[in-house]
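Right, one structure below, let's go through it.
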Ligand SMILES: [Zn+2]
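Next comes the structure, spelled out in structure tokens:
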């Protein structure tokens with residue numbers, strides 16, 4: 057029954073991503089984000105449900121890093137132009153997954169945690185998603201692992 061529900065959910069949700077508004081920008085960046093959303097839904101339905109639960113808008117911004125913000129107008133994930141220009145749907149999916157956990161912490165603060173601790177949790181969350189991807193680019197995994205090592209060192213100082 058649960059399997060049926062999950063299958064129905066996937067069938068019903070994959071063709072339309074009406075829950076999240078993707079702003080039009082660049083050379084079809086919004087379409088790439090649509091593909092990234094589909095990849096997330098196919099890879100891990102729970103990660104996808106969390107994402108659509110916390111995020112209303114996906115927008116783009118000129119900054120070295122992707123980020124996020126909660127506001128009256130909608131909770132937004134900002135994709136850095138550099139990430140948008142990289143020709144990798146998997147990278148965009150990773151950005152969305154990573155930032156969705158930050159949004160989740162902003163919306164549902166559990167305990168006061170250090171910035172580095174939250175960052176570490178987001179990279180661990182991202183890495184477990186990468187490990188479920190069928191053919192992730194090796195540098196995606198390498199980057200997440202490197203960040204986890206760096207942040208673990210800060211945390212244990
Ligand atoms: Zn982060």
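Residue numbers (the working numbering): 57 to 213. A virtual CB, placed ideally from N, CA and C, is assigned to each residue, including glycine.
Residue i beta carbon near ligand 1 (any heavy atom closer than 8 angstroms)
{"i": "residue 205", "result": "no"}
{"i": "residue 134", "result": "no"}
{"i": "residue 154", "result": "yes"}
{"i": "residue 164", "result": "no"}
{"i": "residue 104", "result": "no"}
{"i": "residue 175", "result": "yes"}
Collapsed DSSP secondary structure at residue i in the structure displayed
{"i": "residue 188", "result": "coil"}
{"i": "residue 99", "result": "helix"}
{"i": "residue 81", "result": "coil"}
{"i": "residue 202", "result": "helix"}
{"i": "residue 166", "result": "coil"}
{"i": "residue 134", "result": "strand"}
{"i": "residue 112", "result": "coil"}
{"i": "residue 156", "result": "helix"}
Residue j beta carbon less than 9 angstroms from that of residue i
{"i": "residue 148", "j": "residue 179", "result": "no"}
{"i": "residue 79", "j": "residue 115", "result": "yes"}
{"i": "residue 110", "j": "residue 176", "result": "no"}
{"i": "residue 145", "j": "residue 97", "result": "no"}
{"i": "residue 122", "j": "residue 155", "result": "yes"}
{"i": "residue 132", "j": "residue 112", "result": "yes"}
{"i": "residue 183", "j": "residue 200", "result": "yes"}
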